[in-house]
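Everything below concerns the one structure shown next.
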Amino acid sequence: MRRLFLTALLLLPALALADVDPRFARLRDQAEPLGSLSTFLDKYIGECSGLFTRPSCRGDAEEFRKKYENKRLYMIVGEQAASMLSPGPYQPGSGNYVIQLTPYFSGDAYALTQGIPTQVDSAGNPLLPSMRITGTTREGWGATDFLRLFSAQRIRAQIIFTPQGVWSLPRKGGGMQYGVGARLEAILLTHARTGEQLGLWFAEEPAGGSKKERKK
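With mature numbering (1 follows the signal peptide of the UniProt record, and there is no 0) as the guide, the letters of the sequence shown map in order to residues -18 to -1, 1 to 198.
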């Protein structure tokens, strides 16, 4: 049992880093891997509040932001945390589908977003435009199989982005909420267990990402 567990741990990174598309691989190889989104956001924002805040906190945050100015970063969003994904339209005949992505990536107290949000909804959440990522199911799959990807949390997201600055918006109930706006460069969605590509999106593409042929 212990040997099987260790084998599974070794396979997970390989599945996450599988080269599904050479364009994505090139961008990923040019980016710095991000170990912890919450740690990155905390250092980048530098809210510097509380009794035990270091005097150098704001200066440290400014230096940290300069370090990552125009720098490309890469992160993996595990299937348990991929709550920004939801099923879109599915075409039974062709197997073509749309995965909706709300570009809000939570990192504990803060969040990473696509661009700089300027408004909040009635619940106090930043208003962000939904993104469409397209794909095609394998032969033999139907709408139920597609929907099960979400209900069973089987989608892993890989994100390549460049941070652009800090945003702040009023929090419902008082106070302010903070986050980091970014330019999303590319998004790769894969099956969490097999590493199979489910969707691929690039910033330079005008709409919806790229489709792949149905697997037989």
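Cβ coordinates follow ideal geometry from the N, Cα and C atoms, glycine included.
Any idea if residue i is buried or exposed, counting beta-carbon neighbours within 10 angstroms, 16 or more meaning buried?
i	result
R10	buried
R5	exposed
P71	exposed
P15	exposed
R8	exposed
A105	exposed
A64	buried
Q96	buried
P85	buried
G122	exposed
Quick one: give me the first and last residue of the beta strand (DSSP E) that residue i is part of.
i	result
Y56	L55 to V59
L170	M158 to H173
L182	Q179 to F184
Terminal residues of the continuous alpha helix (DSSP H) containing residue i?
i	result
L19	L19 to I27
G41	C39 to K49
Q7	In the sequence under discussion, the amino acid at residue 7 is Ala, which differs from the Gln named in the question. Segment P4 to D11, the alpha helix (DSSP H) holding A7.
Does the CB of residue i have a neighbour CB from chain B at under 8 Å?
i	result
Q73	Protein chain content of the structure displayed is limited to a single chain, and chain B is not contained in it.
May I have the straight-line CA-CA distance separating residue i from residue j, to the nearest angstrom?
i	j	result
R130	L180	13 Å
S88	E44	22 Å
T172	E51	29 Å
Y92	L19	9 Å
W149	V162	6 Å
G117	L182	8 Å
residue 221	A174	Outside the displayed range of the chain (-18 to 198) lies residue 221, so it cannot be described from this structure.
E178	P99	33 Å
D24	G147	13 Å
Y56	M113	19 Å
P108	F143	19 Å
S133	S76	22 Å
D3	R47	31 Å
I169	G28	27 Å
P74	G124	6 Å
residue 276	G156	This structure cannot speak to residue 276, because the chain is shown only from -18 to 198.
Roughly how far, in whole angstroms, is the beta-carbon of residue i from the beta-carbon of residue j, given that I think they are within contact range, below 8 Å?
i	j	result
V102	P145	In fact, because the Cβ distance is near 21 Å, the residues do not count as touching under 8 Å.
L67	A139	7 Å
P69	I81	7 Å
I141	L166	7 Å
Q | Completely contained beta strand (DSSP E) runs for the segment 64 to 137, where each covers 3 or more residues | A | The segment 64 to 137 is shown to contain whole beta strand (DSSP E) runs of 3 or more residues at 67 to 72, 78 to 83, 86 to 89, 92 to 96 and 113 to 118, in chain order.
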